[in-house]
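Engineer:
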Amino acid sequence: MGSVSDGVKTFFKNLLDFSPLESEFTYNPSIKDQKSDIDIEKSDIISRDLSWMKFNERVLDQVNREDLNIFEKLKFLAITASNLDEFMTVRLGSLYNYIDYDKERIDYSGLREGPFRKALLNNIKRFIDERNRLFRQNLKPQFEENGFRIIKYEDLTEKQKEEVAEYFDNTIYPMLTPMVCDNTHVFPVLLPRNLIFGVVSIDHQTTLFPETEDNKKLSFVQIPGNLPKFYEFDNDDLYAFLPIEEIVKNEISKLYKNVTIESVDLFRIIRNGDFTIDENDDADSDFVDEIREKIRGRQAGRVVSLIVENNPSQYVLSILKKKWDIDKYNIHVNNELMDYTRLWQIVNHQEFKTKLPASPQSVQPHNFNREINIFDAIKENDILLHHPYNSFDPVLQLLEKAAEDPNVLSIKLTIYRLAKNSRITAALLKAAENGKHISALFEIKARFDEENNIREAEKLQKAGCFVIYGIGWLKTHTKLMLIVRKEGPKVVQYAHLASGNYNEDTSKLYTDVGLLTANQDYTKDIAEFFNVITGHSQPSGYKNLITSPKDMRDALVQKIRQEAENAQNGYPAGICFKVNSLEDREIIDELYAASQAGVKVNLIVRGICCLRPGRPGLSENITVRSIVGNFLEHARILYFHNGGRPHIFGGSADLMVRSFDKRIESIFEFINQDIKNQLIHILKINLDDNTNAYELQQNGEYLKVKPEGEVVNLHKYFFRKDKQNSDISTLF
């Protein structure tokens, strides 16, 4: 018997098939602007958006790894799809905010907004073509030997067709709403990322000339997002997955009585979802209402991408192109799956989810004494947490213990993204119930988590917590927590400072670093920081904390210049940064200057990197590598050699314009020598990894690092207990 599994929330971008129509939308493979004769490879700065596309290519390249099984490869394919959806929603959407309103935008590559649109969409086209080729040629042939296949309606037996027809009648049909588009009906709002049918029908009874276009009607049928993406058939040892749109397409005539259906075309759109919040001093409720209104606006933003099936109706296509003001660059032809994120339904299927390798057991953080009270353990030693190799449980344990402990007076923290059914929220509600003062800065502008954060914040507010909904137009991205506890005649403060979110789910998937401490050099800084963001105060100066938007860029520039000065004076010098993204022009220029002064610069940049390494006379002393593998590299660690007495910082900020100018961020200096040694070792293994690493070339391309000698896999290395307290490593 067939069954319908629960639909997943993440969706898959569909594969393209080569077809006669595809040639109409084939983009010039060159990314050179013919009109302005600008070769973007000659620029000293790499385009942010094109660099991001290279990151998604590295994620896609995981499909080529021989050490991964089919389900792991499908997982990475799904990730590239959700990545690309978000990229087009935000970054392509942002580009159209300039194009649609005739505003000038010059990319780092030197291209104006018009030519850059074509260059970027050319790049997206090439990516989609390659992804579809890998799916079609490399992955599909392996499906049956792994216990499943993806089928089409024509593959069904008569009995199975009867089964899906019954499912359509009982479940799908009541959920569908045909929406006609003509002179008497407003063009409907079609939802982004949903699967949509454009249906052309003819009523032969209303005209003497039934073949004229005047008698055609265009209507739309959206497949609700809460339906499963596949209908499943369990055929003993082989599961068959039928895309839900195959059922709708073959039963769609039931929605159109007494008319002739001329064509039925499946398509999917991406809309501009990039919005900004105006700075204002209105009450919190007005601010929250504005956020909610902006979220609703995403459903009707301008269309930036249209994915259509092979050989679409030219009648439908011409209407959509005119209505949405799009052209061939925005249109992609796809004749496989319309949405790759749907592959999560297969990857997470109860029959196959065990095929994904389980993460190794996390190891105990160095210097963490589990045998004593958590507060005493933190007072005994500063504790470095390196997730996911170290569990996130000590952070949760600290917060949950604080919620119950009668001696705890207050808890303050910043929240950017939370897990579903968050233990963080539960602990804060319990703490409020127990009469403790709770201050929570909820960043409700965290992109695509706005609604969840508003809901969680309102729960806390109703429980009596002091909740702040962000700071005007700035995003609060910093990750800090402060717990105040009365211990006899004294009051002791405990802190957590981190690169990652207070999210126990992603802590198992993202690599991050965090610090648990009772050191007053930290806790005083954090107490002062919370006074600034919750009240009306200007900090007099922090000892170990550096914050933005005020001080961070200048502080890092000063540190980089000091390394350059040391090199010029003959002292040991070196810089090693591990970040998610490097995009800020001033930081890049300072790194170029340091390289020219003789400073060795090793950069570990997971995603966007606009710096061009290895260019003679500019950056020959700079190397850039990206780690892409089973865990998402999310940690930020900044190392300055300082003549052999290293300064090492961690925190929430990447080296981006938004981090310095548009966000409340923080980085903090590690002062415990044992922890500094651990961090140096972490950086050293990142530089030694030859399993997950790619090296950026000066032409903007990335080359996969091939193992030579001992194989080093960062994502396995630190799960070994003997590697948590390794001998001191050296970087320079």
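So the sequence shown is numbered by my numbering: it starts at 5 and just counts up by one. The C-beta atom is built at its ideal place from N, Cα and C for all residues, glycine as well.
Can you name, in chain order, every residue of its own chain whose Cβ lies under 6 Å from the Cβ of I626, other than the five neighbours on each side?
Structural biologist: On the sequence shown, residue 626 is found 622 positions in, with the first residue counted as 1. Answer for I626: S599, V605, P617, listed in chain order.
Engineer: The beta strand (DSSP E) with P192 in it runs from where to where?
Structural biologist: For this step, residue 192 is matched to residue 188 along the sequence shown. P192 -> no beta strand (DSSP E), and no H or E assigned at all.
Engineer: Classify D173: buried if its beta carbon has 16 or more other beta carbons within 10 angstroms, exposed otherwise.
Structural biologist: Mapped onto the sequence shown, residue 173 falls at position 169. That one is exposed.
Engineer: Is DSSP giving H370 helix, strand or coil here?
Structural biologist: Locating residue 370 in the sequence shown gives position 366, counting from the first residue. Coil.
Engineer: To the nearest angstrom, how far is the alpha carbon of D726 from that of T161?
Structural biologist: Counting from 1 along the sequence shown, the entry for residue 726 is found at position 722. Counting from 1 along the sequence shown, the entry for residue 161 is found at position 157. Distance between the alpha carbons of D726 and T161: 57 Å.
Engineer: Below 8 Å between beta carbons: does that hold for G474 and E447?
Structural biologist: Here residue 474 refers to the residue found at position 470 when the sequence shown is read from its first residue. Here residue 447 refers to the residue found at position 443 when the sequence shown is read from its first residue. For G474 and E447, yes; Cβs fall inside 8 Å.
Engineer: For I530 versus L486, is the C-beta spacing smaller than 8 Å?
Structural biologist: On the sequence shown, position 526 is the one that residue 530 refers to. On the sequence shown, position 482 is the one that residue 486 refers to. The answer is yes: Cβ separation under 8 Å.
Engineer: Indicate whether I641 and V517 have their beta-carbon atoms separated by less than 8 Å.
Structural biologist: By one-based count along the sequence shown, residue 641 stands at place 637. By one-based count along the sequence shown, residue 517 stands at place 513. Closer than 8 Å, so yes.
Engineer: Are V609 and V63 touching if we call contact CB-CB under 8 Å?
Structural biologist: Mapped onto the sequence shown, residue 609 falls at position 605. Mapped onto the sequence shown, residue 63 falls at position 59. Not in contact: V609 and V63 (Cβ atoms no closer than 8 Å).
Engineer: In the DSSP assignment, find the beta strand (DSSP E) that holds M660 and state where it starts and stops.
Structural biologist: For the purposes of this step, residue 660 is identified with residue 656 of the sequence shown, where counting begins at 1. Here M660 belongs to no beta strand (DSSP E), and DSSP marks it neither H nor E.
Engineer: Using the DSSP secondary-structure output, state which residues sit across from P247 in a beta bridge.
Structural biologist: Walking along the sequence shown from the start, residue 247 turns up at place 243. Looking at the DSSP assignment, P247 forms a beta bridge with F234.
Engineer: Considering just the uninterrupted stretch of the beta strand (DSSP E) at K490, what are its terminal residues?
Structural biologist: Indexing the sequence shown from 1 puts residue 490 at position 486. Unbroken beta strand (DSSP E) run through K490: 484-491.
Engineer: Do the CB positions of Y393 and V204 come within less than 8 Å of each other?
Structural biologist: Looking up residue 393 in the sequence shown gives position 389. Looking up residue 204 in the sequence shown gives position 200. No, Cβ-Cβ distance for Y393 and V204 is not below 8 Å.
Engineer: Tell whether a beta-carbon distance below 8 Å holds between L180 and I74.
Structural biologist: Here residue 180 is taken as the residue at index 176 of the sequence shown, counted from 1. Here residue 74 is taken as the residue at index 70 of the sequence shown, counted from 1. Not closer than 8 Å, so no.
Engineer: Under 8 Å between the Cβ atoms of L464 and L413?
Structural biologist: Along the sequence shown, one-based indexing puts residue 464 at 460. Along the sequence shown, one-based indexing puts residue 413 at 409. No, they are not a contact pair.
Engineer: Between which two residues does the alpha helix (DSSP H) containing Q362 stretch?
Structural biologist: As a working mapping, residue 362 is identified with position 358 in the sequence shown. In the sequence on display, residue 362 carries Ala and not Gln. That residue, A362, is in no alpha helix (DSSP H); it is neither H nor E in DSSP.
Engineer: H638 and E567: beta carbons closer than 8 Å?
Structural biologist: Your numbering for residue 638 matches position 634 in the sequence shown. Your numbering for residue 567 matches position 563 in the sequence shown. Taking 8 Å as the Cβ cut-off, H638 and E567 do not qualify as a contacting pair.
Engineer: Rounding to the nearest angstrom, what Cα-Cα distance links N703 and S47 in this structure?
Structural biologist: Residue numbering aside, residue 703 sits at position 699 when the sequence shown is read from its first letter. Residue numbering aside, residue 47 sits at position 43 when the sequence shown is read from its first letter. Going from the Cα of N703 to the Cα of S47 covers about 10 Å.
Engineer: On a CA-only basis, which of Q542, D509, T538, A559 is nearest N548? Give me that one, please.
Structural biologist: One-based indexing of the sequence shown puts residue 548 at position 544. Closest option to N548, Cα to Cα, is A559.
Engineer: Using the Cα positions of N284 and D53, report the straight-line distance between them to the nearest angstrom.
Structural biologist: One-based indexing of the sequence shown puts residue 284 at position 280. One-based indexing of the sequence shown puts residue 53 at position 49. The pLDDT assigned to N284 is 45, lower than 50, so where the model puts this residue is not dependable, and the model offers no usable value.
Engineer: Is S656 near S426, with beta carbons less than 8 Å apart?
Structural biologist: By 1-based counting over the sequence shown, the position of residue 656 is 652. By 1-based counting over the sequence shown, the position of residue 426 is 422. The answer is no: Cβ separation not under 8 Å.
Engineer: State the Cα-Cα distance for the pair G492 and K449, rounded to the nearest angstrom.
Structural biologist: By one-based count along the sequence shown, residue 492 stands at place 488. By one-based count along the sequence shown, residue 449 stands at place 445. If you take the alpha carbons of G492 and K449, they lie about 41 Å apart.
Engineer: G202: buried (16+ other C-beta within 10 angstroms of its C-beta) or exposed?
Structural biologist: For the purposes of this step, residue 202 is identified with residue 198 of the sequence shown, where counting begins at 1. With 16 or more other Cβ atoms within 10 Å, it is buried.
Engineer: Quick check on K494: does DSSP put it in helix, strand or coil?
Structural biologist: As a position in the sequence shown, residue 494 is number 490, starting the count at 1. Strand at K494.
Engineer: May I ask you to verify whether the stretch 360-378 touches the stretch 148-162, counting CB pairs closer than 8 Å and requiring at least 3?
Structural biologist: No, because fewer than three Cβ pairs between the stretch 360-378 and the stretch 148-162 fall closer than 8 Å, the two stretches do not touch.
Engineer: Taking C-beta to C-beta, are C580 and S55 nearer than 8 Å?
Structural biologist: By one-based count along the sequence shown, residue 580 stands at place 576. By one-based count along the sequence shown, residue 55 stands at place 51. For C580 and S55, no; Cβs fall outside 8 Å.
Engineer: Entirely within the stretch 401-440 and at least 4 residues each: give me those alpha helix (DSSP H) ranges in chain order.
Structural biologist: Runs of the alpha helix (DSSP H) inside the stretch 401-440: 427-437.
Engineer: Would you mind reading off the limits of the alpha helix (DSSP H) that contains Q465?
Structural biologist: For this step, residue 465 is matched to residue 461 along the sequence shown. Its alpha helix (DSSP H) spans residues 454-466.
Engineer: Pairs of beta-carbons, one from the stretch 320-334 and one from the stretch 232-243, closer than 8 Å: are there three or more?
Structural biologist: Contact fails: fewer than three Cβ-Cβ distances are below 8 Å.
Engineer: Return yes when the Cβ of Y526 is within less than 8 Å of the Cβ of I382, no when it is not.
Structural biologist: For the purposes of this step, residue 382 is taken as residue 378 along the sequence shown, with counting starting at 1. For the purposes of this step, residue 526 is taken as residue 522 along the sequence shown, with counting starting at 1. Not closer than 8 Å, so no.
Engineer: Closer than 8 Å is the cut-off here; do at least three beta carbon pairs connect the stretch 697-711 with the stretch 569-585?
Structural biologist: Touching, no.
Engineer: Say whether the stretch 191-200 touches the stretch 219-234, bearing in mind that this needs 3 or more beta-carbon pairs closer than 8 Å, one atom from each stretch.
Structural biologist: Contact between the stretch 191-200 and the stretch 219-234 is present, because at least three Cβ pairs lie under 8 Å.
Engineer: At which residue ranges does the stretch 557-633 contain complete alpha helix (DSSP H) runs of 4 or more residues, listed in the order of the chain?
Structural biologist: The qualifying runs are 589-600.
Engineer: Buried or exposed, going by whether 16 or more other CB atoms sit within 10 Å of the CB of E148?
Structural biologist: Taking the first residue of the sequence shown as position 1, residue 148 is located at position 144. With fewer than 16 other Cβ atoms within 10 Å, it is exposed.
Engineer: If you draw a straight line from the alpha carbon of H719 to that of S663, how long is it in whole angstroms?
Structural biologist: Mapped onto the sequence shown, residue 719 falls at position 715. Mapped onto the sequence shown, residue 663 falls at position 659. Taking the straight line joining both Cα atoms gives about 27 Å.
Engineer: Of the residues K221, L242, G277, which one's Cα is nearest the Cα of S267?
Structural biologist: Working through the sequence shown from its first residue, we reach residue 267 at position 263. Checking every option, the nearest Cα to that of S267 belongs to K221.
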